[in-house]
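Right, one structure below, let's go through it.
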Amino acid sequence: MLKPHPVVLRRLVEEYEALAGAETPQGPAGPNPRLRDLAYTLCVSTGTRDVRHALETAHRWLGTSTAAARTRPAALAAD
5 MLKPHPVVLR
15 RLVEEYEALA
25 GAETPQGPAG
35 PNPRLRDLAY
45 TLCVSTGTRD
55 VRHALETAHR
65 WLGTSTAAAR
75 TRPAALAAD
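Heads up, the sequence shown is in our numbering, so the first residue is 5 and it goes up one at a time.
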């Protein structure tokens, strides 16, 4: 399975969590369309079918990518 670039994945997670935190109870129109789009994109990006699992997977991958970036030599990190 292809993994999304960490920068893209981090942006998706941050935007989803910001919108989800600001979300008010669902009105007659249902949840925010952007929130739905982000949930779908996170699920597709992580190969999951539930946004909670997508967020768990994304956080795990981002934690791994952050640790890998810290352990790379400075010459490689600049690329």
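Backbone N, C-alpha and C fix where the C-beta goes; we use that ideal spot for every residue, glycine too.
| query | On the three-state DSSP scale, how would you describe Arg53? | reply | coil
| query | For the alpha helix (DSSP H) that contains Pro10, what are its first and last residues? | reply | Pro10 to Ala26
| Skipping 5 residues on each side, what residues in its chain have a beta carbon closer than 7 Å to that of His9? | none
| task | From the DSSP output, in three-state form, read off Leu66 for me. | result | helix
| query | Distance, Cα to Cα, Val55 vs Cys47? | reply | 6 Å
| Leaving out five residues before and five after Arg38 in sequence, what residues of the same chain have Cβ atoms less than 7 Å from its Cβ? | Leu23
| task | Return the chain-ordered list of same chain residues with a C-beta closer than 8 Å to the C-beta of Leu42, the five sequence neighbours on each side being excluded. | result | Leu16, Glu19, Tyr20 and Leu23
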